[in-house]
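Heads up, the thing below is written out as structure tokens.
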Amino acid sequence: MKMMYQPPALVQKLFPEFIWHSTTKKILVTFDDGPNPSSTGKILETLKEENIQALFFCVGNNLSRYPQLAKLIVAENHLLGNHTYNHTIVTKLGKDAFAQEIISTNHEVEAVAGSLPKYFRPPRGRFSFHLARALKDYTMKNVMWSLLPYDYKNDLKVVKFAVKNYLTKNAIVVLHDSDKSAPIICDAIKYLADEARSNNFQFGTPEECLS
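If you use my numbering, the sequence shown corresponds to residues 428 to 638, in order.
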């Protein structure tokens, strides 16, 4: 199967209310699926070394299981976002089931961070017009991405190819806080940082990049 490192332009045009790129000329780094005992700690250490602030789209069930890891994310000045409670494909959910996924995860985020999340990302990037309408009820913005390096395939060569060829100065990069990406995630972050700086690109905070 051909890898799609960037979302199709047509899809971006159909959903202009979603955020596909950083709103400033700075790169936003995001992580999906955490927190996770095998990856969160090493991700935080590497982000600190590279002086990068990130947005972690967390699964509510994982927040419930690993609250101390979530607190570490917040303590390191990173931001938590909503990635549903069960990592459910939202296009398969009715309105009430979708609401429960959102509300339950918001509760877990608030318990850890002290405030409700401002940002949502659908698992596997699957969404619909129904999702776009439903999110308005929760005053959350749907943050997609402009670069998917497939770190979860556990192949650093693929990550390097994607970053080398598709990284832009206003990219939103999606990486993963998961068992699958854990073996290469630190090297992936370091390569991303090196490549960005070699192009004189800057990293931004979630607040800067999503304003």
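Don't be surprised by glycine CBs; every beta carbon is placed ideally from N, CA and C.
Put residue i into one of helix, strand or coil per three-state DSSP.
{"i": "ASN592", "result": "helix"}
{"i": "PHE484", "result": "strand"}
{"i": "PHE630", "result": "strand"}
{"i": "ASN489", "result": "helix"}
{"i": "GLY521", "result": "coil"}
{"i": "LEU637", "result": "coil"}
{"i": "TYR579", "result": "helix"}
{"i": "ASN509", "result": "strand"}
{"i": "ASP604", "result": "coil"}
Comparing C-alpha positions only, which one of the options sits nearest to residue i?
{"i": "ILE530", "options": "ASN488, GLU472, THR457", "result": "ASN488"}
{"i": "HIS603", "options": "LEU437, GLY468, HIS448, ILE446", "result": "GLY468"}
{"i": "ALA559", "options": "GLN439, ASN597, TYR432", "result": "GLN439"}
{"i": "LYS475", "options": "ARG624, GLU635, SER625, ALA620", "result": "ALA620"}
{"i": "LYS545", "options": "ASP460, LEU562, ASP523", "result": "LEU562"}
{"i": "ASN626", "options": "ASN592, ASP459, THR566, ARG553", "result": "ASN592"}
{"i": "THR479", "options": "PHE630, GLU634, GLU635, CYS636", "result": "The sequence shown places Ile at residue 479, not Thr. The shortest Cα separation from ILE479 among PHE630, GLU634, GLU635, CYS636 belongs to PHE630."}
{"i": "SER465", "options": "GLU635, ALA623, ALA609", "result": "ALA609"}
{"i": "SER555", "options": "GLU444, GLU535, ASP582", "result": "GLU444"}
{"i": "GLN495", "options": "ASN513, GLY461, ALA526", "result": "GLY461"}
{"i": "ARG551", "options": "ALA497, THR511, ALA623, PRO633", "result": "THR511"}
{"i": "MET430", "options": "LEU637, ALA526, PRO576, CYS636", "result": "PRO576"}
{"i": "GLU634", "options": "LEU455, GLN433, PRO435", "result": "LEU455"}
{"i": "ASP523", "options": "HIS557, ILE611, ALA497", "result": "HIS557"}
{"i": "CYS613", "options": "ARG553, ALA589, LEU583", "result": "LEU583"}
{"i": "ASN581", "options": "PHE525, ASN463, VAL590, SER605", "result": "SER605"}
{"i": "PHE525", "options": "LEU490, SER491, TYR565, PHE628", "result": "TYR565"}
{"i": "ASN463", "options": "LEU441, LEU437, LEU490", "result": "LEU490"}
Throw me the rounded Cβ distance for the residue i and residue j pair, which I believe falls under 8 Å.
{"i": "TYR532", "j": "ASN504", "result": "What sits at residue 532 in the sequence shown is Thr, not Tyr. Not really, about 21 Å apart at Cβ, beyond 8 Å."}
{"i": "LEU471", "j": "LEU507", "result": "Contact doesn't hold; Cβ gap of about 13 Å is too wide."}
{"i": "MET567", "j": "TRP447", "result": "That belief does not hold up - the Cβ atoms of MET567 and TRP447 are roughly 16 Å apart, past 8 Å."}
{"i": "PHE547", "j": "ASN569", "result": "5 Å"}
Report yes or no: is there a C-beta of chain B within less than 8 Å of the C-beta of residue i?
{"i": "LYS568", "result": "In the structure shown, chain B does not exist; there is a single protein chain."}
Could you tell me if the beta carbon of residue i falls within a distance shorter than 7 Å of some heavy atom in the ligand GTP?
{"i": "LYS607", "result": "No copy of the ligand GTP appears in this structure; indeed no ligand is present at all."}
Going by beta-carbon coordinates alone, are residue i and residue j separated by less than 8 Å?
{"i": "ASP578", "j": "ALA540", "result": "no"}
{"i": "THR473", "j": "LYS617", "result": "yes"}
{"i": "GLU537", "j": "LEU543", "result": "yes"}
{"i": "THR457", "j": "VAL586", "result": "no"}
{"i": "GLN433", "j": "LEU574", "result": "yes"}
*Inter-stretch contact at 8 Å, needing at least 3 Cβ pairs: the region 513 to 524 / the region 470 to 485*: no
_Under 8 Å: do the region 433 to 453 and the region 585 to 604 share three or more Cβ pairs, one atom per stretch?_
yes
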